[in-house]
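Q:
Structure follows, in structure tokens:
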């Protein structure tokens, strides 16, 4: 079955530091890959996505590249802000078969950014 | 305009009670989902409906029963609530490129 593994958290950084959150996956076929962000007390928001190999998703300074050869989709940001403090989830979706597009999530990574 | 809405946002109830959570989306999507987020933030699929038809039913106790009166609504009814049902429940709908849009969540506390 499908699975997603994220780096263990929590991650604590100073403002303007470089961020990397590692994500690797196991899936059949050609899944779509996503990063979602959950701010305290809120629902999940789609941060970025990539639907095929070598696609780069980007949004709000965050980037992730779909690497099929290493089955990875690492999240990066060059300079984090205090407002980026949240929980980040890597996820995948298979359109075909009996998956019906359901999302399989990683365990989430808590990011805290200090001033 | 809220894309995916859920009510209530908070639900506190006693063991053994029956409760419902409502979800509505105004995005025109055909497929909707219910997810459960536990205290460690882990998210797991529970159910999915496509155009009012149940298509995913994960290993969930049969005390949980989803209902979709039309493709814009997906409600979740829970019978005989147990302490272990305490969690945050999220509704979502699926867009054209398989991305999903989530509601704000319903925090259920069973005492």
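Protein chains in written order, with the working numbering: chain A, 1 to 115; chain B, 1001 to 1111. The beta-carbon is built from N, C-alpha and C at its ideal position, and this holds for glycine as well. Remember, it's a predicted structure, so these values are computed and weren't measured experimentally.
Just to confirm before moving on: does the CB-CB distance between residue 101 of chain A and residue 91 of chain A stay below 8 Å?
A: Not a contact, by the Cβ cut-off of 8 Å.
Q: Could you name the residues of chain A that residue 1103 of chain B contacts, counting a contact when the two beta carbons are closer than 7 Å?
A: Near residue 1103 of chain B (Cβ distances below 7 Å), the residues of chain A are 43.
Q: For residue 54 of chain A, which three-state DSSP category applies?
A: Coil.
Q: In the DSSP assignment, the beta strand (DSSP E) including residue 76 of chain A goes from what residue to what residue?
A: Start and end: 75 to 77.
Q: Taking residue 1003 of chain B as the reference, give the member of B:1035, B:1036, B:1011 and B:1028 with the closest Cα.
A: The candidate whose alpha carbon is nearest that of residue 1003 of chain B is B:1028.
Q: Could you name the residues of the same chain whose beta carbon sits closer than 8 Å to that of residue 1109 of chain B, not counting the 5 residues immediately before and after it, in chain order?
A: Contacts found: 1010, 1011, 1012, 1013 and 1086.
Q: List the residues of chain A whose Cβ lies closer than 7 Å to the Cβ of residue 1033 of chain B, in chain order.
A: Here the neighbours are 102.
Q: Could you work out which residues of chain B lie near residue 79 of chain A, taking near to mean beta carbons separated by less than 7 Å?
A: Neighbours of residue 79 of chain A on chain B: none; closest Cβ ~25 Å, over 7 Å.
Q: Going by beta-carbon coordinates alone, are residue 34 of chain A and residue 46 of chain A separated by less than 8 Å?
A: Yes, Cβ-Cβ distance for residue 34 of chain A and residue 46 of chain A is below 8 Å.
Q: Just list the beta strand (DSSP E) runs in the stretch 1005 to 1081 of chain B, keeping only unbroken ones of 3 residues or longer that don't cross its boundaries, in chain order.
A: The stretch 1005 to 1081 of chain B contains these whole beta strand (DSSP E) runs: 1010 to 1013, 1019 to 1025, 1031 to 1037, 1043 to 1050, 1053 to 1057, 1064 to 1070 and 1073 to 1078.
Q: Find out if the Cβ-Cβ distance for the pair residue 1045 of chain B, residue 1055 of chain B is shorter than 8 Å.
A: No, they are not a contact pair.
Q: Can you name the start and end residues of the beta strand (DSSP E) that residue 13 of chain A belongs to?
A: Residues 11 to 14.
Q: With a Cβ-Cβ cutoff of 8 Å, do residue 26 of chain A and residue 71 of chain A count as a contact?
A: Their beta carbons are under 8 Å apart, which means residue 26 of chain A touches residue 71 of chain A by this criterion.
Q: Kindly indicate which residue of A:42, A:80 and A:110 has the alpha-carbon position closest to the one of residue 89 of chain A.
A: That would be A:110, whose Cα lies nearest to the Cα of residue 89 of chain A.
Q: Under three-state DSSP, which class holds residue 1093 of chain B?
A: The answer is strand: DSSP assigns residue 1093 of chain B an E or B state.
Q: Compare the C-alpha of residue 1074 of chain B against each of B:1103, B:1095, B:1084 and B:1059 and name the closest.
A: Closest option to residue 1074 of chain B, Cα to Cα, is B:1103.
Q: Under 7 Å Cβ to Cβ from residue 86 of chain A, same chain only, skipping five residues before and after it: list those, please.
A: These residues qualify, in order along the chain: 37, 38, 39 and 111.
Q: Assess contact between the stretch 1079 to 1098 of chain B and the stretch 1022 to 1037 of chain B, defined as three or more Cβ pairs (one per stretch) separated by less than 8 Å. Is contact present?
A: As far as the Cβ criterion goes, the stretch 1079 to 1098 of chain B touches the stretch 1022 to 1037 of chain B, which means the pair count is three or higher.
Q: When DSSP labels each residue in this structure, what does residue 80 of chain A get in the three-state scheme?
A: Correct three-state label for residue 80 of chain A: coil.
Q: Would you say residue 1099 of chain B reaches chain A, if we count a Cβ-Cβ gap shorter than 8 Å as a contact?
A: So, interface residue.
Q: Considering only C-alpha positions, which residue in the set B:1018, B:1069 and B:1107 is nearest to residue 1082 of chain B?
A: Closest option to residue 1082 of chain B, Cα to Cα, is B:1018.
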